Amino acid sequence: MEGDQDTSDFTLVTRKPCFGLPTACPNCLPAYIYLKLAQLPFQLAFNSTFPDSEELPYFESGTYVAYNNEDGGVIEKLEKDGIVNLDSQLQSLPDYLSLKALIVSWLDEALTYEIWVGTEGASASKIYYSDLPWVIGKVLFYKQTYLTKKRLGLTKENAEQREKLIYKRASEAYEALSTRLGEQKFLFEDRPSSLDAFFLSHMLFTIQVLPETSVLRHKLLEQSNLVRYAERLKSEFLEESSSSPSPPLHSFPSSFPGKGSKTKSKPKAEKSEEEKKFKKRARFFLAAQFLAVVIYVSVMGGVSSDEVEYEDDD
Amino acid sequence: MEGDQDTSDFTLVTRKPCFGLPTACPNCLPAYIYLKLAQLPFQLAFNSTFPDSEELPYFESGTYVAYNNEDGGVIEKLEKDGIVNLDSQLQSLPDYLSLKALIVSWLEEALTYEIWVGTEGVCASKIYYSDLPWVIGKVLFYKQTYLTKNRLGLTKENAEQREKLIYKRASEAYEALSTRLGEQKFLFEDRPLSLDAFFLSHMLFTIQVLPETSVLRRKLLEHSNLVRYAERLKSEFLEESSSSPSPPLHSFPSSFSGKGSKPKSKPKAEKSEEEKKFKKRARFFLAAQFLAVVIYVSVMGGGSSDEVEYEDDD
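Chains as they are written, first to last, in UniProt numbering: chain Z, 1 to 314; chain S, 1 to 314.
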């Protein structure tokens, strides 16, 4: 890669791994894959706080930080700032942009729907909330499910129709991508691009994280050339230190324990420190919530028989 | 146009016209344009009730009705049911589909954002709520703005970033479509497709309805070949009975009064009947709301000094 930067200084901070993926968060995985496709050496670190933070994943190098909620995403920001760019000379092609829209809109929407609504969030709890106390995890899960339904425009009346439309668009997208890909190695001009990163991330997530009963997963596995594409890229770019070949994707069970990744000694120490801090904060939050609930119940219980006196305690 | 159907029986029911467009609703206009591109003769009728109904636009012919919230939309349903199909025998499905994703996801999102948030809903009030009593209109407007912000994933923290991303994607989409179109008459394979209906609807709406200060409108007008494309299609398919040529789109002021369309004697009688019914309903609703507010205020006001007695009136 260009520049005089000390390449051992690159760090990508994501959510923790699960389901055999280096990071189980669907927003973080594309950035990871992108850096791997670009063959840029980097360290992987994990951050378990703030399950709904929009800053993750972020990329840091010395004092430079690229958050995911700037410039449309980490990948876009890294390209714009010249750190790494797989898409040079591709961006002017109309095909590139419309394929990107297909992947980051229709497929992203389908995956979001499937994680939070279609499979009733079974996987989501594991990814985002497994480190939190059960009550807080449940509360945040319901809040996120509610927000996601609003984001997808789902209401009681239109839920069935919207689901049909979402699955239909995903089907059409898979077919179109399958037709376009054929037996090529990459989606575009025989070289890796950010579109491969986004699409591969979607595929790995759909196949490895979603349960076998998932409609979306079922539709994706029907396109065998897409599965071959994913297996090829996965074994070539994502698995460097395994001595035995990984099992083929189509036989991949849903909850496979993680395999060899980069050494995590530094991030591990950070992780347990942060974890302790977070657990303490979480316990305090839980206690405060419980106290609030108790106060509320006693106040409401007291209203119907006593006069209500409001006191503001700080 | 196969079959033995009596073609004078086709009716498209949409929201009312405004801003020089045959129907001012961005969901209804694509269906109208599609039928015009297909050169299928039909009557146009208007429905002013239920500003947030998802059934509009709907197409009826005798006992057959195609609502917009079935099968992914009126156009898709008409194609599926064989009434009319511009999209038959496509040569390149991936290209077609990814262009469609670009138009119905990125551009639609940008237009929705611009109508409800970017221009602070100035046009929205005119389109949806101008027939309602002011208070109800305002309430529905705020409700819809809130729902739209949720739909677009906007929060206080990310509003600026999301806006940048939405405009950036719209810019890129315009650029890609402009490059793809060149000086052709239609977007794809030299014949009108549903893509042209969707895109033309988006363009007409952006140019004729949004105010001149709109960022999105300005971005679109930068692509002169797109403007020429829209003018050509508009004059060839949408304006049949005008003796003088319509003013060029780029000089189109934002609120131009409507011009010659099909005679509307039947729909007009229906419209005033429905209008009366709706106005009566609206007045009753307004009175009920006011009564509810008064009761609530008096109850709350009485709560701190008297005992609270709950009575459920039906």
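Just so you know, even glycine gets a beta-carbon here, dropped at the ideal spot from N, CA and C.
Quantities reported herein were computed from a predicted structural model and do not represent experimental measurements.
- DSSP lists Z:Leu21 as the bridge partner or partners of Z:Cys18.
- Around the CB of Z:Gly118, 16 or more other CB atoms lie within 10 Å, so the residue is classed as buried.
- Z:Gln144 is positioned such that its CB atom lies closer than 8 angstroms to that of Z:Trp116.
- Residue pairing by DSSP puts S:Phe10 in a beta bridge opposite S:Ser61.
- Around the beta carbon of S:Tyr129, 16 or more other beta carbons sit within 10 angstroms, so the residue counts as buried.
- The three-state reading of DSSP puts Z:Tyr58 in strand, counting E and B together.
- Boundaries of the beta strand (DSSP E) around Z:Val65: Tyr64 to Ala66.
- By the CB criterion at 8 angstroms, S:Leu200 and S:Leu221 fall outside the cutoff.
- One thing to note: Z:Pro41 has its Cβ no nearer than 8 angstroms to the Cβ of Z:Thr14.
- For Z:Leu210, no alpha helix (DSSP H) segment is defined, and its DSSP state is neither H nor E.
- Taking 9 angstroms as the cut-off between beta carbons, the residues of the stretch 51-75 of chain S near chain Z are Glu54, Asn69, Glu70, Asp71, Gly72 and Gly73, in sequence order.
- Within the same chain, Cβ atoms closer than 7 angstroms to the Cβ of S:Trp106 are found at Arg169, Ala170 and Ala173, the five residues on either side in sequence being excluded.
- Within the model, the alpha-carbon separation for S:Phe10 versus S:Phe186 is close to 26 angstroms.
- Not flagged as an interface residue toward chain Z: S:Pro30, since no C-beta distance is shorter than 8 angstroms.
- For Z:Pro133, same chain residues with a beta-carbon under 6 angstroms away, outside a window of 5 residues either side, are Ala282 and Leu286 in chain order.
- At a C-beta separation below 7 angstroms, S:Leu216 has no neighbours in chain Z, since its nearest C-beta there lies roughly 17 angstroms away.
- With respect to the C-alpha of S:Val215, the residue from S:Tyr113, S:Pro22, S:Gly62 and S:Ser298 having the closest C-alpha is S:Tyr113.
- At a cut-off of 8 angstroms, the C-beta of S:Arg151 has a neighbouring C-beta in chain Z.
- Between the stretch 11-24 of chain S and the stretch 200-210 of chain S there are three or more C-beta pairs closer than 8 angstroms, enough to call the two in contact.
- Under a criterion of Cβ atoms nearer than 8 angstroms, the residues of chain S adjacent to Z:Leu165 are, in order, Gly72.
- Proximity to Z:Tyr34 across Z:Arg162, Z:Val74, Z:Glu172 and Z:Ser123 peaks at Z:Val74, based on C-alpha coordinates.
- With fewer than 16 other Cβ atoms inside 10 Å of its own Cβ, S:Gln91 counts as exposed.
- Within the stretch 175-189 of chain Z, contact with chain S at the beta-carbon level (separation under 8 angstroms) is assigned to Glu175, Ala176, Leu177, Thr179 and Arg180.
- For the pair Z:Tyr67 and Z:Phe59, the Cα-to-Cα distance works out to about 7 angstroms.
- Taking each of S:Tyr64, S:Glu70 and S:Phe290 in turn and checking the Cα distance to Z:Asn158, the smallest one comes out for S:Glu70.
- If you draw a straight line from the Cα of Z:Ser224 to the Cα of Z:Gly20, it is about 21 angstroms long.
- Pairing S:Pro17 with Z:Glu76, the inter-Cα distance amounts to about 41 angstroms.
- Rounded to the nearest whole angstrom, the C-alpha separation of S:Ser235 and S:Asp190 is 18 angstroms.
- Taking 4 residues as the minimum length, the alpha helix (DSSP H) runs contained wholly in the UniProt domain "Thioredoxin-like fold" (26-120) of chain S are 29-37, 74-80, 93-101 and 108-113, in order along the chain.
- Annotation: Z:Gln43 is outside any alpha helix (DSSP H); the continuous beta strand (DSSP E) that includes it extends over Gln43 to Phe46.
- Pairwise C-beta distances place the stretch 131-142 of chain S out of contact with the stretch 210-224 of chain Z, as fewer than three of them are shorter than 8 angstroms.
- Per DSSP, the unbroken alpha helix (DSSP H) holding S:Glu175 starts and ends at Ala159 to Leu181.
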